[in-house]
Amino acid sequence: MDYSKKKLENPFHQTNHGIKRDELSLRLKISCLALLGLLVALLYLMFFSAAFDIKKIQITGLSRANIGEVEKLALGQSGENRFWLFRQQNLLIFDKKALTRTLADTYHFKEIKIKKSLFHTLKINLTERGYSYIWQEKDKYYYIDQDGYLINELVLNLPATLINPEIPATSSASTVLATTTVVTEDYFKSTIEAASTASNNGYPIIVNVGAEHFKGDRVDIDQVYLEFAGKINDGIKNEPELTVKYFLIDKDFNTIKAILDSGLTIYFSTRENQDSQINNLIVLKKEKSDFNKLIKKKIDLRYGDKVYYE
C-alpha cells in the first residue's frame with residue numbers, strides 16, 4: 001500500500017476564495033447592466049425626450065427683414081428629422097449649418113451667427129447688408145448692396161396724374177401718341193426725383209436701359225459698373241456744377257454715363273482708370289470759366305488723357 005501524503009479536496013466544498021470570485025463576477029454584471037441602463041436613459045433624455053426641445057427662438061440684428069419670416073424658417077427646419085431618426089426640434093440635434101445656408105440663400109445676410117443656449121433657446125444673430133445703390137430696371141427701383149444683391153424695392157410717391165393719365169376719348173391717334181410721349185418723359189423724371197427724395201439723396205441711382213441685368217435677387221452685371229458709380233459720385237460730390245442726377249447704363253459697351261442736374265451727359269469708360277477720368281473732368285471744369293455756357297451736351301472721358309466735349 002502507498003501511504004504517501006496526498007492532498008485531497010472535497011468537490012462539494014467551496015472555499016472562501018471561490019465564493020468571492022463569484023460575488024465579484026455578479027457585481028460586475030450588475031454594474032455593467034446598471035451602466036448600460038444609465039447610458040440608455042441618458043441617450044433617451046438627451047435625444048428623444050422633451051428635455052432639450054426648442055421652446056424659444058431669439059432673433060436679433062434685424063431692422064428691415066421680417067423677424068416672423070426668419071422664425072418661420074427656423075421652426076420649419078425644427079419639424080424635420082436629422083439622420084432619419086433624430087428630431088431637429090431637439091436643441092442638441094438642430095443643424096445650425098443647414099439653417100445658415102437657408103438664411104443665406106433666402107436673404108443674403110452679411111453675417112449669420114447661430115448659437116444654442118441650454119436648455120430650450122436657439123439664438124440667431126443677423127447682420128443685414130447695407131444700402132449702397134438704387135437700381136432702376138423696367139420702371140421699378142430697388143435698393144441693392146455693394147455686391148448687387150436686392151435688399152428691397154423702393155416705393156415711390158408719385159402724382160396720380162402720372163400713374164393714370166387722362167386722355168380724352170375723342171383724341172386722334174397723333175394726339176394720343178404725343179400725349180403718351182410727354183407723360184412717359186414726365187413719368188421718368190418724376191420717378192427719378194421720387195427715388196432721390198425717398199433715399200434722401202443718399203445713394204447713387206443707376207438706370208439700366210440696356211440688356212436685362214436683374215436676375216432673381218441680384219443684379220447680374222460686372223461689379224466694375226457699380227464701383228464706378230460709387231467712385232464717381234464720391235469724387236465729384238463737392239463740385240456743385242457736377243451734381244449727378246443719375247447714372248445710365250445702356251447698350252454702349254464698357255461705358256457708364258453720368259447725367260447731371262444740368263442735363264449734361266458725361267461718358268466714363270469702365271476700362272480706364274477711375275481717378276484719372278474724374279481728375280480730367282474736374283480740371284476741365286476749372287479751366288473753363290464759362291463751363292456751363294461752353295459745354296451744353298456731353299463730355300467724353302473714355303479716351304485716356306484726351307477729353308472731348310460739345
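For the sequence shown, full-length UniProt numbering assigns the number 1 to the initial residue and increments by one for each residue that follows.
Glycine included, each C-beta is placed from N, C-alpha and C at the ideal position.
On a predicted model such as this, the values are computed, not experimentally measured, just so you know.
Q.
Alpha carbons only, please: which of Tyr225, Ile30, Ala51 and Leu122 is nearest the one belonging to Phe247?
A. If we check each option's Cα against that of Phe247, Tyr225 comes out closest.
(Q) Tell me which residues share the same chain as residue 315 and place their Cβ nearer than 6 Å to its Cβ, disregarding the 5 neighbours each side in the sequence. (A) Beyond the ends of the chain as shown, which are 1 and 310, falls residue 315; an answer cannot be given.
Q) If you drop the 5 nearest sequence neighbours on each side, which residues of the same chain put their C-beta closer than 7 Å to that of Ile54? A) Cβ neighbours of Ile54 beyond the five flanking positions: Ser78, Gln89, Leu91, Phe94, His120 and Leu122.
(Q) I'd like to check one pair, Ile144 with Tyr131: are the Cβ atoms closer than 9 Å? (A) Cβ distance < 9 Å, so Tyr131 and Ile144 count as in contact.
(Q) Buried or exposed, going by whether 16 or more other CB atoms sit within 10 Å of the CB of Arg129? (A) Result: buried.
Q | Sub-9 Å separation of Ala104 and Leu156 beta-carbons | A | Against a cut-off of 9 Å, the Cβ pair of Leu156 and Ala104 comes out as no contact.
Q: Excluding the 5 residues preceding and the 5 following Thr175 in the sequence, name in chain order all residues of the same chain whose CB lies nearer than 7 Å to its CB.
A: With a pLDDT of 37 at Thr175, under the threshold of 50, the predicted position of this residue should be treated as unreliable, though the coordinate-derived value follows. Within the same chain, and ignoring the five residues on either side of Thr175 in sequence, no residue has its Cβ closer than 7 Å to its Cβ.
Q | Gln146 - DSSP class collapsed to helix/strand/coil | A | Secondary structure at Gln146: coil, using DSSP grouped into helix, strand and coil.
Q: Mind checking who residue 313 pairs with in its DSSP beta bridge?
A: No statement about residue 313 is possible, as the shown extent of the chain runs from 1 to 310 and does not include it.
Q.
Within a Cβ cutoff of 6 Å, which residues of the same chain sit near Lys257, ignoring the five residues on either side of it in sequence?
A. So the list reads Leu248, Thr265 and Tyr267, once near-sequence residues are dropped.
Q. When DSSP builds the beta bridges, which residues end up paired with Thr255?
A. Within the DSSP secondary-structure output, Thr255 pairs in a beta bridge with Ser269.
Q. Between which two residues does the beta strand (DSSP E) carrying Ile134 extend?
A. For Ile134, the enclosing beta strand (DSSP E) stretches over residues Tyr133 to Glu137.
Q: Can you say whether residue 378 is buried or exposed, counting buried as having 16 or more other CB atoms within 10 angstroms of its CB?
A: For the chain, the structure presents residues 1 to 310; residue 378 sits outside this window and is missing.
Q: Can you tell me the Cβ-Cβ gap for Leu126 and Ile59, rounded? I've got them flagged as a contact below 8 Å.
A: Contact between Leu126 and Ile59 holds, since their C-beta atoms are separated by about 7 Å, short of 8 Å.
Q. Would Lys298 pass as a contact of Glu287 if the rule is Cβ separation under 9 Å?
A. Using a Cβ distance threshold of 9 Å, Lys298 and Glu287 do not count as a contacting pair.
Q: Compute the distance between the beta-carbons of Asn208 and Gln146, then report whether it is under 9 Å.
A: No, the pair does not count as a contact, with Cβ atoms beyond the cut-off.
**Q.** In DSSP terms, what Val244 is bridged to
**A.** Paired residue(s): Leu260.
Q | At least 3 beta-carbon pairs within less than 8 Å: the stretch 60-79 vs the stretch 26-46 | A | Output reads no: the stretch 26-46 does not touch the stretch 60-79.
Q: Tell me residue 314's beta-bridge partners as DSSP assigns them.
A: Nothing can be reported for residue 314, as the shown portion of the chain is limited to 1 through 310.
(Q) Given this structure, state the Cα-to-Cα distance separating Val307 from Arg271, to the nearest angstrom. (A) So the alpha carbons of these two residues sit roughly 16 Å apart.
Q: Less than 8 Å between the CB atoms is what I'm expecting for Asn152 and Arg64, so what's the real figure, rounded?
A: Confirmed, Cβ separation roughly 6 Å.
Q. Near Lys96, what residues of its chain come up, given a Cβ to Cβ distance below 7 Å and the 5 sequence neighbours on each side ignored?
A. Once the five neighbours on either side are set aside, the close Cβ partners of Lys96 are Ile114.
Q) According to DSSP, is Ser117 helix, strand or coil? A) Of the three classes helix, strand and coil, the one that applies to Ser117 here is strand, per DSSP.
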